Structure formats: C-alpha cells, structure tokens
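Okay, structure first, notes after.
Okay, here's the thing in structure tokens:
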C-alpha cells in the first residue's frame with residue numbers, strides 16, 4: 551500500500567477527512583492570522599473608518615492643542631501635570647484603556663439610557679441622549695471657556711432640562727459611599743452651563759455608577775453647591791490656565807496617590823521606574839521602550855522633524871525603515887554612532903558601550919539625546 555493510500559485509510563478509520571496540502575495551508579493561514587498584532591491593526595483600522603462615517607474624523611490622529619483658557623468638564627480637578635501633558639500631546643507611555651471606555655459607552659447606551667427612559671422619566675418627561683454646553687466664566691486668571699457634552703438629561707416637553715445625569719462605570723460599586731470630586735466638578739460645570747443656556751436654575755444631578763461585573767448601580771443625588779463651584783472648581787480652572795499661559799510644567803498633584811500607577815505619563819513625570827522626572831511635554835524618553843506602537847507613529851506623524859530613539863528603533867524595527875532615528879552619543883567622548891551600529895540586545899537597562907572608549911580601556915555607555923535636546927534639534931518646543 552502506498553503512503554498516500556495508507557494515510558487515506560487511516561483517516562477513514564479515525565473518522566477524519568483526508569486533508570490535502572492546500573487544506574493544510576489554508577488552516578495554517580487562518581491560525582497565523584489570529585494574533586495580538588493583527589487584532590490591534592484591525593481594531594485601529596475599524597475605529598478609523600467608524601470615525602469618518604460618524605463625522606468625527608478629527609479623532610483620527612492627535613488632538614489639536616487647545617487654547618490655554620479652554621477647559622473640558624470631564625477634565626476638571628484632574629492632576630494638573632497629567633492634563634498639561636495631555637493637552638500638549640506628549641507621547642503616552644501606554645495604550646488608552648479602550649476596553650473600559652467601550653464598556654462604559656455600552657453601559658450608558660444599552661443599560662442606563664433605557665432605564666432612565668422606561669423606568670424613571672414620567673409621563674411629561676423625556677430623556678435626551680446629551681446636551682451641549684459652551685460658556686465662559688470669570689476667574690482670577692481671566693475669562694475661562696468651558697465646553698463639553700453631557701450624558702443623558704431628563705427634560706420637560708419643551709426640552710428644558712430638569713435633572714442632569716452623569717453615567718460612570720466601575721469594576722464594582724459595592725463599596726462606594728460618595729461620588730468622586732472629579733465627577734462632582736463635571737456635573738457642576740454642566741449644571742451651570744445648562745442653567746445659562748436655558749435661563750433656568752438647574753440644581754439637581756444624579757451621578758450614577760454602574761458596576762461592570764454585575765451591572766448593578768449606585769446612584770448619588772447632588773445639588774449645585776456655589777461654594778464648591780467657585781472655590782474649588784473655578785479656582786482649579788484658573789490655576790491650570792495660569793500654568794498654560796506661562797508654559798510652566800505644573801506640579802504632580804493627583805487627588806489619589808494610586809492615580810500615578812495608572813497614568814500614561816508616569817515615567818516622564820518621575821513616578822515610574824526610570825531615572826526621569828519633571829520632563830516637559832516634548833519628545834520621547836531615551837531608554838524607555840513602553841511607548842505603544844500606535845502612540846509612536848501618531849507622535850512622529852504629528853511633529854515635523856521628530857525621530858525615533860535608538861531604543862524604540864530596536865523595539866519596532868519596521869518603523870526604523872519609515873522614520874528617521876536619532877544617533878547614539880557617548881557620554882564620555884561625545885562620539886556619535888548610528889542606532890544600529892553597536893551590537894546591542896535592545897535591553898534598556900544595559901545600553902551599548904562606546905567602542906572607542908572601550909578600546910582605550912575606559913568603557914562608557916551610549917545615550918540618545920534628551921527630550922530637550924530633541925526639541926532643540928527641531929528648532930524649538932512643540933506647540
């Protein structure tokens with residue numbers, strides 16, 4: 551019996567169909583197509599197309615640098631430094647938690663909104679998806695503009711707001727005893743803005759937390775507090791506006807210490823594991839390899855003259871064929887080397903050594919230009 555016939559007979563005995571070489575190639579192609587990189591590329595392409603279809607193509611790419619005197623309700627009372635980095639499009643050191651964002655959106659649209667419409671709103675009440683606010687308010691730093699889009703609002707038959715809602719998702723709501731100050735500030739900005747827009751006093755809001763694990767909720771009723779609004783929220787807005795106007799790096803002042811652990815700028819700030827601290831918003835940190843590929847390409851595409859660090863070129867070698875790469879420089883003799891000239895395993899903790907200094911018996915490490923030097927080579931700071 552030939553080997554081919556023997557394989558066929560064995561397949562019949564075991565109940566398995568006879569797989570041809572072409573079938574095996576197709577199967578292997580399918581298996582090879584399922585990978586983390588393939589999923590990331592598919593998801594990014596999908597969001598890109600969705601944004602165009604939804605008329606929000608401005609989400610495809612880095613955000614425009616906002617004027618110093620413009621604030622968003624959702625960012626009020628954030629860490630000043632984190633907001634400063636974000637506003638100036640500093641390269642993020644990790645991906646956005648898009649899964650959390652996605653679940654939060656689904657919870658609002660498919661759970662909270664139907665609940666409000668079907669079980670909360672009365673016969674003469676309606677629930678809008680959202681309302682827009684855009685107003686200016688006087689502060690110690692001058693006029694500040696606050697603009698943003700609310701979550702669902704319960705309105706009367708004339709579409710005038712009666713009760714504002716803020717929908718937030720958390721892993722669990724079991725231990726929640728009060729809403730966060732961030733969310734109170736956000737709700738206050740919306741209540742103030744809607745009161746101005748509709749010429750009526752909107753003083754009631756519901757901050758509704760939804761648990762991502764069990765889909766249960768914990769609502770909190772808050773009322774507009776003019777002292778909190780003026781002395782906490784607007785004072786914060788004035789302070790942040792002043793930092794932006796002076797182009798001064800603000801202090802790191804999160805409400806909770808644990809926020810630093812999840813911050814996308816912790817290495818740049820000085821709260822991470824690297825040697826850096828108090829770095830401005832421009833440029834990549836040499837020796838830091840945690841930048842996601844999407845953040846790297848977005849930053850390079852948005853900043854003329856920006857280059858990869860040697861560390862990132864080793865981490866993403868395919869990008870080194872599309873973008874320019876910074877040279878290494880010896881910390882002792884200042885000799886320059888191409889990013890791929892010294893032999894190196896790509897481990898940031900052990901940078902390559904200068905071959906010239908090594909030959910003279912005084913080995914010295916190579917380093918890439920600092921963020922400040924990178925900006926100087928491009929002719930100034932970004933933004």
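Residue numbers (this note's numbering): 551 to 933. Built from N, CA and C at the ideal position, the CB exists for glycine as well. No experiment lies behind these values; they were computed from the predicted model shown.
In terms of DSSP beta bridges, what is residue 767 paired with?
760
Would you mind reading off the limits of the alpha helix (DSSP H) that contains residue 880?
Not the alpha helix (DSSP H): residue 880 falls in the beta strand (DSSP E), residues 878 to 880.
My output table needs one value for residue 712: the three-state DSSP class, helix, strand or coil.
strand
Tell me the DSSP secondary structure of residue 829 in three-state form.
coil
Whole-angstrom C-beta distance between residue 822 and residue 861, which should lie under 8 Å
Not really, about 15 Å apart at Cβ, beyond 8 Å.
Do residue 747 and residue 535 come within 9 Å of each other at the CB atom, strictly closer than that value?
Shown here, the chain extends from 551 to 933; a query on residue 535 therefore has no answer.
For the beta strand (DSSP E) that residue 692 lies in, which residues bound it at each end?
692 to 699
Within the continuous beta strand (DSSP E) that includes residue 736, where are the two ends?
Run containing residue 736: none in the beta strand (DSSP E); it sits in the alpha helix (DSSP H), 731 to 748.
The region 759 to 771 in contact with the region 716 to 735 per 3-pair CB rule at 8 Å:
yes
Own chain residues within Cβ distance below 6 Å of residue 842, not counting five before or after
645
C-alpha distance - residue 648 paired with residue 755, whole-angstrom precision
27 Å
Among 830, 667, 773, 780, the one whose alpha carbon lies nearest that of residue 800:
830
Please classify residue 872: does DSSP put it in a helix, a strand, or coil?
coil
Three Cβ pairs or more, each shorter than 8 Å: is that satisfied between the region 672 to 679 and the region 843 to 855?
no
Whole-angstrom distance between residue 891 and residue 732, CA atom to CA atom:
49 Å
What residues match up with residue 676 in a beta bridge as DSSP calls it?
705
Identify whether residue 619 lies in helix, strand or coil by the three-state DSSP scheme.
coil
Could you pull the start and end residues of the alpha helix (DSSP H) that residue 851 belongs to?
843 to 852
Alpha-carbon to alpha-carbon, residue 734 and residue 763
24 Å
Range of the contiguous beta strand (DSSP E) that encloses residue 889:
Element bounds for residue 889: n/a, residue is neither H nor E.
Would you list, in sequence order, the uninterrupted beta strand (DSSP E) runs of no fewer than 3 residues that lie entirely inside the region 783 to 835?
none
Helix, strand or coil: how does DSSP classify residue 923 here?
helix
Rounded to the nearest angstrom, what separates residue 923 and residue 826 at their Cα positions?
14 Å
Just reading off the beta strand (DSSP E) that residue 542 is part of, what are its end residues?
Coverage of the chain is limited to positions 551 through 933, which leaves residue 542 absent and any answer about it impossible.
To the nearest angstrom, report how far apart residue 806 and residue 816 are at their CA atoms.
14 Å
When burial is assigned at 16 or more other CB atoms within 10 Å of the CB, is residue 868 buried or exposed?
exposed
According to the neighbour-count rule (16 or more other Cβ atoms, all chains shown, within 10 Å of its Cβ), is residue 689 buried or exposed?
buried
Which word fits residue 759, buried or exposed, when buried means at least 16 other C-beta atoms lie within 10 angstroms of its C-beta?
buried
With C-beta atoms as the reference, is residue 712 less than 9 Å away from residue 752?
yes
So, residue 877 versus residue 918, is the Cβ gap smaller than 9 Å?
yes
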